[in-house]
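K.L.:
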Amino acid sequence: MFGPVLKGKQITLRPPDETDAARFVAWFADLEVTRYLAERFPLSLPQEEDFIKRIGESKNDVWWVIEAEGKAIGATGIHGINWINAHATTGTVIGDKSCWRKGYGSESMALRTEYAFRHLNLHKLKSGAIMDNEPSKRALQKAGYRQVGIEREESWRDGRWRDHWLCEVLRDDWEREHPR
Numbered sequence: 002m003f004g005p006v007l008k009g010k011q012i013t014l015r016p017p018d019e020t021d022a023a024r025f026v027a028w029f030a031d032l033e034v035t036r037y038l039a040e041r042f043p044l045s046l047p048q049e050e051d052f053i054k055r056i057g058e059s060k061n062d063v064w065w066v067i068e069a070e071g072k073a074i075g076a077t078g079i080h081g082i083n084w085i086n087a088h089a090t091t092g093t094v095i096g097d098k099s100c101w102r103k104g105y106g107s108e109s110m111a112l113r114t115e116y117a118f119r120h121l122n123l124h125k126l127k128s129g130a131i132m133d134n135e136p137s138k139r140a141l142q143k144a145g146y147r148q149v150g151i152e153r154e155e156s157w158r159d160g161r162w163r164d165h166w167l168c169e170v171l172r173d174d175w176e177r178e179h180p181r
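Listed below in structure tokens is the structure:
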């Protein structure tokens, strides 16, 4: 499903529109953008349109496009929601490289986390990053995630095996830092 419009100080999370698939195709064809993504291959426009359609129909995913500076710059989502155990996995990508290191990823994670805990009533969110992706790790920590482990040699990138940094945030811990 697509999430509702959520407004932050610098960004807005919104459902996708008909122009977004083409942006994602261009971003995911850029090796610098996909350097740290779990799945790293370019998609065609029909494949990207199909992905957006499928995620919109999903009952176990919530997905947004991130807007800043008057344009779409990336996406964030809550995926694989386990409604019985109240946990899910999260992910974010800032595809517009001119918008890197401006705090937009951190803010999108904060809005997404608040929505997951206060509107979906989830108990735990899990995420991760390739170990040397320091900007993602910092953004996740800023959003309340804490390291819970390392998966050694989990993915092949740039000619060598890379470790994955695993993290999670529990609702009770997050609520202590974000009282109503």
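For the sequence shown, my numbering begins at 2 and goes up steadily by one.
No residue lacks a Cβ here, since even glycine has one placed at the ideal position from N, Cα and C.
Note that the structure is predicted; figures quoted are calculated from it, not measured.
To the nearest angstrom, report how far apart D1 and T91 are at their CA atoms.
P.N.:
Residue 1 falls outside the range modelled here, since the chain spans only 2 to 181, and no answer is possible.
K.L.:
Do A130 and W166 have their C-beta atoms within less than 9 Å of each other?
P.N.:
Residue numbering aside, residue 130 sits at position 129 when the sequence shown is read from its first letter. Residue numbering aside, residue 166 sits at position 165 when the sequence shown is read from its first letter. Their beta carbons are under 9 Å apart, which means A130 touches W166 by this criterion.
K.L.:
Confirm, please, whether the CB-CB distance from F25 to A76 is below 9 Å.
P.N.:
Position 75 of the sequence shown holds residue 76. Position 24 of the sequence shown holds residue 25. Cβ atoms of A76 and F25: closer than 9 Å.
K.L.:
Are the CB atoms of A73 and R113 nearer to each other than 9 Å?
P.N.:
Looking up residue 73 in the sequence shown gives position 72. Looking up residue 113 in the sequence shown gives position 112. Contact flag unset, no.
K.L.:
With a CB to CB cut of under 6 Å and the five nearest residues on each side skipped, what residues in its chain are close to V34?
P.N.:
In the sequence shown, counting from the first residue as 1, residue 34 sits at position 33. Cβ within range, chain order: W28, G96.
K.L.:
Do A30 and E50 have their C-beta atoms closer together than 9 Å?
P.N.:
Locating residue 30 in the sequence shown gives position 29, where the first residue counts as 1. Locating residue 50 in the sequence shown gives position 49, where the first residue counts as 1. No, they are not a contact pair.
K.L.:
Hey, how far is the Cα of R147 from the Cα of K8?
P.N.:
Here the question's residue 147 lines up with position 146 in the sequence shown. Here the question's residue 8 lines up with position 7 in the sequence shown. Rounded to the nearest angstrom, the two C-alpha atoms are 25 Å apart.
K.L.:
What whole-angstrom Cβ distance do W64 and G4 have, given they're in contact under 8 Å?
P.N.:
Here residue 64 is taken as the residue at index 63 of the sequence shown, counted from 1. Here residue 4 is taken as the residue at index 3 of the sequence shown, counted from 1. Confirmed, Cβ separation roughly 7 Å.
K.L.:
Please classify T114: does DSSP put it in a helix, a strand, or coil?
P.N.:
Residue 114 sits at position 113 when you count from the first residue of the sequence shown. T114 falls in the helix class under three-state DSSP.
K.L.:
Taking contact to mean 3 or more Cβ pairs, one atom from each stretch, closer than 8 Å, check whether the region 169–178 and the region 115–132 are in contact.
P.N.:
The answer is yes - the region 115–132 touches the region 169–178, with three or more Cβ pairs under 8 Å.
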